[in-house]
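Letter by letter, the sequence shown follows residues 1 to 363 of the UniProt record's numbering.
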Amino acid sequence: MTAVLEVEDLTVRFYTEEGVVTAVDGLSYRIEAGETFGVVGESGAGKSVAALSVLGLIDSPGRIEGGEVRFEGEDLLSMDESELRSVRGDEVGTVFQDARAALNPVYTVGEQIAETIEHHLGYPPSAARDRAIRLLDRVGIADAETRYSDYPHEFSGGMCQRAAIAMALSCDPELIVADEPTTALDVTVEARILDLLAELADEFDVAVQLVTHDLGVIAGTCDRAMVMYAGEAVETAPIEELYYDPKHPYTAGLMSAIPRVGDDDDRLPTIPGTMPDPIDPPPGCRFHPRCPFAEEACTRTDPALVDPETGEAATLDDDRAAACLEYTEGLSGGLDYSVEVAGGTGEHVEKTIDERDEGGPDE
Ligand code: SF4
């Protein structure tokens, strides 16, 4: 397969009054043409900053300080603003969390989609209007011809998100970057929007970078996924392998926090502690203060992403990689978690972590 997007050693910092925040630190991943790639992690993991970097939307006080972002082989980081704007409109579509805010309130929804088509594809106005109506219809807006003339405030949240997807698809992009596209929606609407996104990605043969904090969301939607923690990738895997055989304790912890229908426990398992301060992350493995398997070595060495089978440094071409000392130096206690899977991906996945400790070692 051909990579539509390659991100290599990307580093993004924000210079704030409180100090320098390293939001993304040496991040590398690739997205193949037509695949849906999930990027998952808690708030503060750096996943949205990574997505904004791909779109060239990092503003002051943020700076991209290293690495490359190649879209179809072209380095986006060396493009000027007008070249970037053209890539963003023609070849990379975007869907953000707050679709209503992304739409201009003083133009009708249809006009905004048609204007994008006119500007980027050079359609005459009537053809752009027809294409916008067809797209609105395709994303499930009933009576699309009439609703073309509605303003964003006349659309529900779910309809705004459908319109945003129509806008993202309007210029036949190669990639859609969808940043938490369903977080603001209720769960039934969320499920329908995710199904729609998956269906259209397939139909339009477009790659999707789906950013979410919810591992459950990517289960039925993505082909592969990358788990991020404190600005770094900690695991990358095809989705089935991620669910059935997670190699990183953080991934396993996220799995155990997925709610399941019929679960009669009073409380959901959680990962103890919180994401570290990005201005002053802990030394060694950034996950060590929260990791039930942490050992002394974890406080000293920041593990690199490696092939968990061989311990060799992961490359952009590797589908499977994890950043834990277990796969290089070895841990004296090993990674002792059990995996129970009920159903398949997209259904209910049950995992339990046999927590040996309440948390990591004292610092
Ligand atoms: S075992 Fe150590 S290296 Fe592996 S995730 Fe836990 S703290 Fe990090």
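Each residue gets a CB set at the ideal place from its N, CA and C atoms; glycine is no exception.
Q: Taking the CB atoms as reference points, tell me whether residue 37 and residue 225 lie closer together than 8 Å.
A: yes
**Q.** For residue 62, three-class secondary structure by DSSP
**A.** strand
Q.
Less than 7 Å separating the Cβ of residue 185 from some heavy atom of the ligand SF4?
A. no
Q) Under 8 Å, do residue 136 and residue 163 count as touching if we go by C-beta distance? A) yes
Q. Going straight from the alpha carbon of residue 145 to that of residue 125, what length do you get?
A. 15 Å
Q. Taking just the CA atoms, how far does residue 59 sit from residue 44?
A. 17 Å
Q) For residue 29, which beta-bridge partners are listed by DSSP? A) 7
(Q) At the level of alpha carbons, what is the spacing between residue 182 and residue 96? (A) 9 Å
Q. When every heavy atom of the ligand SF4 is checked, does at least one fall within less than 7 Å of the C-beta of residue 305?
A. no
Q. Expressed to the nearest angstrom, what Euclidean distance is found between the alpha-carbon atoms of residue 325 and residue 103?
A. 46 Å
Q) Given a threshold of 16 other Cβ atoms within 10 Å of its Cβ, counted over all protein chains shown, does residue 273 qualify as buried or as exposed? A) exposed
Q: Specify the secondary structure class of residue 321 as computed by DSSP and reduced to three states.
A: strand
Q: Let me know the secondary structure DSSP gives residue 13 once reduced to three states.
A: strand
Q. Does at least one heavy atom of the ligand SF4 sit under 7 Å from the Cβ of residue 120?
A. no
Q: Please list the segments of the beta strand (DSSP E) lying wholly inside the region 202-247, counting only runs of 3 or more residues, in order along the chain.
A: 207-212, 224-229 and 232-238
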